[in-house]
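Numbering (our numbering), first residue to last: 78 to 288.
Reviewing the structure listed below.
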Amino acid sequence: MLEIVNVKKEIPSQYESVAKFSDTITTEDRISYVSLIFPHHKDVNPIIHELIKNNVCHQTYTGALTTIPQNGSGNRHIKEIDKLFSWIEDSLSDCVDKLAVNSGSIYTASPEVFKNFKIAEYWAMFYPMGSGATSHTHFPYPISFAYYVNVPDGSSPFTLNGDDIPVEDGMLIVFAGDVYHEVKKSNCEERSMISGNVIFVPNIPEQSSWE
78 MLEIVNVKKE IPSQYESVAK FSDTITTEDR ISYVSLIFPH HKDVNPIIHE LIKNNVCHQT
138 YTGALTTIPQ NGSGNRHIKE IDKLFSWIED SLSDCVDKLA VNSGSIYTAS PEVFKNFKIA
198 EYWAMFYPMG SGATSHTHFP YPISFAYYVN VPDGSSPFTL NGDDIPVEDG MLIVFAGDVY
258 HEVKKSNCEE RSMISGNVIF VPNIPEQSSW E
């Protein structure tokens, strides 16, 4: 069994920090999520909702029903899934740009051509009356998303870091994967959504090898 030991060493105080690349960074002004509405949700959501109902196969201890996790290329032969996921992937660069503001990340200095994101995995959730999802994160994934397929009256909000976010049909929420989130007990039947995780796959051109 591998034993991991964290050793904290005292560092002499004569070392001086280098200048910050920005003096305006403040995490207090950092947003926690970005939301969008899929323009074609009225066309694709009814079909996706039925697919979710027909494919949920496991009940969580909180009462929600879930499908088997799929990799990001799974079910792309279904035109409604492919249309939705293509839109999500096309939107991710702009969403992450907004999330990166005031994050202190060197990503903000990346050339636009480098910015490429792909859905790594996803699964669908179906919430009967009284069901929910316990507080959790998606670490080690850097970016996660929630897409709302069917949101009847009485649907629970999406609770991110303690803040309740009202949701609606066709709504996409993109957020950092290490942020705690939950779904409080549903007061309706047939709430359905797709949850997923995203990886950063930069379009870095091939360079000459090190000598």
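In this text, a Cβ means the ideal position worked out from N, Cα and C, and glycines have one as well.
Below 8 angstroms on the Cβ atoms is my contact criterion, and I expect residue 216 with residue 133 to pass it. Report the Cβ-Cβ distance as a whole number of Å.
Actually they do not touch by this definition, with Cβ atoms about 25 angstroms apart.
Within 10 angstroms of its Cβ, does residue 220 collect 16 or more other Cβ (buried), or is it exposed?
buried
For a test of the three-state rule: what should DSSP assign to residue 203, helix, strand or coil?
strand
Cα-Cα separation between residue 165 and residue 184, rounded to whole angstroms:
20 angstroms
So, does the CB of residue 196 fall closer than 7 angstroms to a CB anywhere in chain B?
Included in the structure is just one protein chain, with no chain B present.
Thinking just about the alpha-carbon of each residue, which of 143, 193, 109 and 169 is nearest to the one in residue 128?
143
Would you identify the three-state DSSP class for residue 226, choosing helix, strand or coil?
strand
Taking the alpha-carbon of residue 175 as reference, which of 208, 201 and 192 has the nearest alpha-carbon?
192
Is residue 273 near residue 114, with beta carbons less than 7 angstroms apart?
no
As a quick exercise: from 135, 275, 288 and 91, pick the residue whose alpha carbon is nearest that of residue 198.
275
Under DSSP, the beta strand (DSSP E) around residue 240 begins and ends at which residues?
240–242
Pick out whichever of 148, 285, 284 and 277 has its Cα sitting closest to the Cα of residue 169.
277
Contact check, residue 280 vs residue 257, beta carbons under 7 angstroms
no
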